[in-house]
Amino acid sequence: MFLHRHFTLVDDPIAALTISFGQTVTVSDIAYSVSTPTAYTPSPSAAAMGGEIARAVKFDVTITNNSTSPFAFNPFAVGAKATAAGASAPDITDIQKKVGVTTSSTILPGKSLTYTVAFSVPRQKGDVQVELSPTALGSPIVFTGTA
């Protein structure tokens, strides 16, 4: 059983919102969620930005358009960056398994887009956070948990 909570982010230029993996945050009628982490075995052609893959975990990122207008989603603007054990966790690109290869897309009202991201984390389980930036100048959303 999964606990699903929903938060609405108030435009606060100072503080980031920190919530657990699996929860949803809405910013300007666009909902953002990051799944709980799962173990991931990269293909032989996968690469991590920043070196060797110690242990790979993946997350599904879901963007839902609850507005009445199309939403121009840009994965480079929203981003998905991670830290593990207090250090940057290199993102993994795995074209063969379609991980970390999302392109810009228009999300129609009432529709969702889900894409998968993966990161190289330390071999020992520990605290992990994944950060999304829903607006260029606004506060990030930080999803946290153990992986």
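Using my numbering, count along the sequence shown one by one with no gaps and you end on 165. Beta carbons: idealized from backbone N, C-alpha and C, even for Gly. Quick caveat: nothing in here was measured; it's all calculated off a predicted structure.
Confirm, please, whether the CB-CB distance from Thr162 to Thr36 is below 8 Å.
By one-based count along the sequence shown, residue 36 stands at place 18. By one-based count along the sequence shown, residue 162 stands at place 144. A contact, by the Cβ cut-off of 8 Å.
Where does Ile113 sit, in a helix, a strand or coil, going by DSSP?
Position 95 of the sequence shown holds residue 113. In the structure shown, Ile113 sits in a helix (DSSP, three-state: H, G or I).
Where does the unbroken alpha helix (DSSP H) through Phe94 begin, and where does it stop?
What you label residue 94 is simply residue 76 of the sequence shown in a count that begins at 1. Per DSSP, Phe94 belongs to the alpha helix (DSSP H) from Pro93 to Val96.
When you compare only the Cα positions, how much space is there between Ala105 and Pro158?
For this step, residue 105 is matched to residue 87 along the sequence shown. For this step, residue 158 is matched to residue 140 along the sequence shown. If I take the Cα positions, the gap works out to 18 Å.
Below 8 Å between beta carbons: does that hold for Ala66 and Ile113?
Along the sequence shown, one-based indexing puts residue 66 at 48. Along the sequence shown, one-based indexing puts residue 113 at 95. It is not a contact, given that the beta carbons lie outside the stated cut-off.
Segment limits, beta strand (DSSP E) that includes Ser51
As a working mapping, residue 51 is identified with position 33 in the sequence shown. From DSSP, the beta strand (DSSP E) with Ser51 extends over Ile48 to Val52.
Proximal residues to Thr153 (C-beta, below 8 Å), its chain only, five neighbours per side dropped:
What you label residue 153 is simply residue 135 of the sequence shown in a count that begins at 1. Excluding residues within five positions, the ones whose Cβ falls inside 8 Å are Val45 and Ser46.
Can you give me the C-alpha to C-alpha distance between Gln147 and Thr82, rounded to a whole angstrom?
On the sequence shown, residue 147 is found 129 positions in, with the first residue counted as 1. On the sequence shown, residue 82 is found 64 positions in, with the first residue counted as 1. Between Gln147 and Thr82, the C-alpha separation is close to 21 Å.
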